[in-house]
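Novice: Following the working numbering, the numbering of the sequence shown begins with 4 at its first residue and continues without gaps. Glycine is no exception: its CB is placed at the ideal position from the N, C-alpha and C atoms. Here the structure is a predicted model, which means the values were calculated and not measured. Submitted below is the structure of interest, expressed as structure tokens.
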Amino acid sequence: MISPKTPQIQTIDPNTLDRLLSNQQAILFDVREAGEHAAERIAGSVSLPLSTLDPVTIDLQPDRQLVLYCQSGRRSAQAARKLVEAGIEVIHLEGGLNAWKAAAYPTQIDEKAPISLFRQVQIVAGSLVAIGTICGVLISPWFLLLSGFVGCGLVYAGISDTCALGMLLAKLPYNQRAKAS
4 MISPKTPQIQ TIDPNTLDRL LSNQQAILFD VREAGEHAAE RIAGSVSLPL STLDPVTIDL
64 QPDRQLVLYC QSGRRSAQAA RKLVEAGIEV IHLEGGLNAW KAAAYPTQID EKAPISLFRQ
124 VQIVAGSLVA IGTICGVLIS PWFLLLSGFV GCGLVYAGIS DTCALGMLLA KLPYNQRAKA
184 S
């Protein structure tokens, strides 16, 4: 029995992507969070955060290839897998925005955008560890559990490539403003 052709994840390099975009043969989706997209993006890209990605809502255009990118290529590969499982043909930019910039292609930068979600996570996690440690020394050793909890959360985020704190911070009002603009 011959099975119908199932979509595969394809990768693309920055030079090929530039050609596709110049010839209007691709629609480019940025799967980073809205604040990251607002701060810096490839011109013409559309924000489609991985955290809210629903294959049903994507407006497919038969005359254009669907290309995904993120900062390093990791999240876009995750999003590509999700779309392929839904039967959608997709390409992801290998190396993401980092590869695009390394190939000397321009990006659009908004100086007024909120700081990156990654930096927000670092600030909050670092602050909680510091507070837990200081309170553990000065008030009660029980506060050291806070530092341990944050540490375990960071280990889990590294292993699973999913950050609950990042998803929570993405829902804050100042990060939602970036989505609206």
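(1) Per DSSP, what are the beta-bridge partners of ALA29 in this structure?
(2) Between the Cα of GLY151 and those of ALA167, LEU131, ALA160 and ILE162, spot the shortest distance and give me the residue it belongs to.
(3) Using only the alpha-carbon positions, how far apart do PRO17 and TRP145 sit?
(4) Check each candidate in LEU23, ILE12, ARG67 and SER54 and name the one with the smallest Cα separation from LEU120.
(5) Would you kindly work out how many angstroms separate the C-alpha atoms of PRO10 and LEU71, rounded to a whole number?
(6) Within 10 Å of its beta-carbon, does ARG44 have 16 or more other beta-carbons around it, so buried, or fewer, so exposed?
(7) Between the region 50 to 67 and the region 27 to 36, are three or more C-beta pairs nearer than 8 Å?
(8) So what does DSSP say about GLN74, is it helix, strand or coil?
(9) Does the Cβ of LEU172 have 16 or more other Cβ atoms within 10 Å, making it buried, or fewer, making it exposed?
(10) If I'm right that HIS95 touches ALA105 with Cβ under 8 Å, what's the distance once you round it to whole angstroms?
(11) From ASP21 to PRO58, what distance separates their C-alpha atoms?
(12) Buried or exposed: where does GLY47 fall if 16 or more other Cβ atoms within 10 Å of its Cβ makes it buried?
(13) Taking only three categories from DSSP, how would you classify ARG35?
(14) Does the beta-carbon of SER50 have 16 or more other beta-carbons within 10 angstroms, so that it is buried, or is it exposed?
(15) Looking at GLN74 and GLY99, is the spacing between their C-beta atoms short of 7 Å?
(16) Can you give me the start and stop residues for the beta strand (DSSP E) that GLN11 sits inside?
(17) Taking the alpha helix (DSSP H) that ASP126 falls in, what are its first and last residues?
(18) Compare the beta carbon distance of TYR159 and PRO117 with 7 Å and say whether it is the shorter of the two.
Specialist: Taking the geometry as given:
(1) According to DSSP, ALA29 bridges with GLN68.
(2) Measuring from the Cα of GLY151, the nearest candidate turns out to be LEU131.
(3) Cα atoms of PRO17 and TRP145: separation of roughly 51 Å, rounded to the nearest angstrom.
(4) Comparing Cα positions, the closest option is SER54.
(5) Rounded to the nearest whole angstrom, the CA to CA distance from PRO10 to LEU71 is 15 Å.
(6) The residue in question, ARG44, is buried, as its Cβ has 16 or more Cβ neighbours within 10 Å.
(7) In short, these stretches touch, since the Cβ pair count reaches three.
(8) Of the three classes helix, strand and coil, the one that applies to GLN74 here is coil, per DSSP.
(9) Flag for LEU172 reads buried.
(10) That belief does not hold up - the Cβ atoms of HIS95 and ALA105 are roughly 16 Å apart, past 8 Å.
(11) Taking the straight line from one Cα to the other gives about 25 Å.
(12) With fewer than 16 Cβ atoms within 10 Å of its Cβ, GLY47 is classed as exposed.
(13) If DSSP states are grouped into helix, strand and coil, ARG35 belongs with coil.
(14) Around the CB of SER50, 16 or more other CB atoms lie within 10 Å, so the residue is classed as buried.
(15) Yes, these two residues count as a Cβ contact at 7 Å.
(16) If you look at GLN11, you'll find it isn't in any beta strand (DSSP E); DSSP assigns it neither H nor E.
(17) Checking the sequence, you will find Ile at residue 126 rather than Asp. Note, ILE126: alpha helix (DSSP H), 120 to 141.
(18) Contact: no.
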